[in-house]
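K.L.:
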Amino acid sequence: QTPSHQTTSHQTTSHQTENGQTENGQLMSGQLGEARPLAQVDVIEGLIGDLRSSDPSNRRKAIWELGQRGNSLAMQPLVDSMVDADSKEKSLVLAALSEIGIRSLKPMSRALAIALQDDNPEVRKNAIRDLTRVYDLVVQISQMLGHATEDEDPEVRQTAAWALDQLNRIRRSQDTDPSIRSFAGSGNSAPIDLLSSEASIRRSSQ
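Using our numbering, read the sequence shown as starting at 334 and increasing by one per residue.
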């Protein structure tokens with residue numbers, strides 16, 4: 334009976350050990366799972382610190398890396414770094430900010446799409462209001478592009494005109510949509526094309 338009892342005790346201990354290992358394994362896995370985001374934040378903060386490096390190659394590498402990682406924490410430091418940046422670095426910063434912005438907009442777009450299909454009308458109304466904030470940003474961009482079409486450099490003017498044309502495609506696609514055209518036609522006046530350079534300049538001068 335004694336050996337049998339010892340065996341049972343050993344099995345129980347072994348079972349407890351296995352459970353302990355499993356629990357520890359889960360805990361370690363959980364800790365590692367939590368550590369990954371923290372490690373990523375540390376990397377981002379390190380790259381943000383490199384933006385102040387005295388070595389131009391280190392700064393440019395940090396700018397590129399921050400753009401590739403697409404973490405929104407880097408947006409303000411990147412903007413701040415443009416104050417003392419040279420022309421090449423400014424171009425890199427703009428490219429990095431564009432990449433981060435695109436990655437940020439994708440989940441926001443999905444969230445708005447889900448909200449617009451919500452059963453609660455209040456949620457749908459809030460989603461529509463939030464969409465207008467995005468449109469306000471587009472209007473601000475179009476204003477800046479409108480001024481850029483009068484730049485002293487011909488290539489800058491040409492690029493600004495091209496960019497405005499890309500933005501105007503949004504409006505043209507709306508004009509060809511029968512449902513949107515029908516809805517807009519129910520109003521008393523036609524909406525102003527805020528994405529044209531002329532409208533942008535007029536609006537900014539008011």
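Note that CB positions come from ideal geometry on N, CA and C, so glycine has one too.
(1) For the alpha helix (DSSP H) containing Gly-434, name the first residue and the last one.
(2) Taking Cβ positions, are Ser-437 and Gly-400 nearer each other than 9 Å?
(3) Am I right that Arg-393 and Glu-422 are in contact with their C-beta atoms under 8 Å? What's the rounded C-beta distance?
(4) Can you tell me which of the three DSSP states Asn-453 falls into?
(5) Around the C-beta of Val-426, are 16 or more other C-beta atoms found within 10 angstroms, so that it is buried, or is it exposed?
(6) Roughly how far, in whole angstroms, is the beta-carbon of Ser-414 from the beta-carbon of Leu-384, given that I think they are within contact range, below 8 Å?
(7) Got a sec, what are the start and stop residues for the alpha helix (DSSP H) Ala-395 sits in?
(8) Within its chain, find whatever has a CB closer than 8 Å to the CB of Leu-500; leave out the 5 residues flanking it on each side and keep chain order.
(9) Assuming contact is defined by CB atoms lying nearer than 9 Å, are Leu-411 and Leu-430 in contact in what I supplied?
(10) Just the C-alpha distance for Ala-481 and Asp-463, rounded to the nearest angstrom, thanks.
(11) Could you tell me the boundaries of the alpha helix (DSSP H) in which Met-408 lies?
(12) With the cut-off set at 9 Å, would you say Ala-460 and Asp-451 are in Cβ contact?
P.N.:
Reading from the atomic positions:
(1) Segment 420 to 449, the alpha helix (DSSP H) holding Gly-434.
(2) Taking 9 Å as the Cβ cut-off, Ser-437 and Gly-400 do not qualify as a contacting pair.
(3) With 8 Å as the limit, Arg-393 and Glu-422 qualify as a contact, their Cβ atoms being about 6 Å apart.
(4) Under the three-state reduction of DSSP output, Asn-453 falls in the coil class, being neither helix nor strand.
(5) Val-426 counts as buried, since at least 16 other C-beta atoms from the protein chains shown sit within 10 angstroms of its C-beta.
(6) With a Cβ gap of about 5 Å, Ser-414 and Leu-384 count as contacting.
(7) 389 to 402 is the span of the alpha helix (DSSP H), which, as asked, contains Ala-395.
(8) Closer than 8 Å at the Cβ level, and outside the excluded window around Leu-500, lie Val-471, Ile-474, Ser-475, Leu-478, Leu-528.
(9) The answer is yes: Cβ separation under 9 Å.
(10) Each residue's alpha carbon lies about 28 Å from the other.
(11) It spans 408 to 414 - the alpha helix (DSSP H) in which Met-408 sits, taken as one unbroken run.
(12) Going by C-beta atoms, Ala-460 is nearer than 9 Å to Asp-451.
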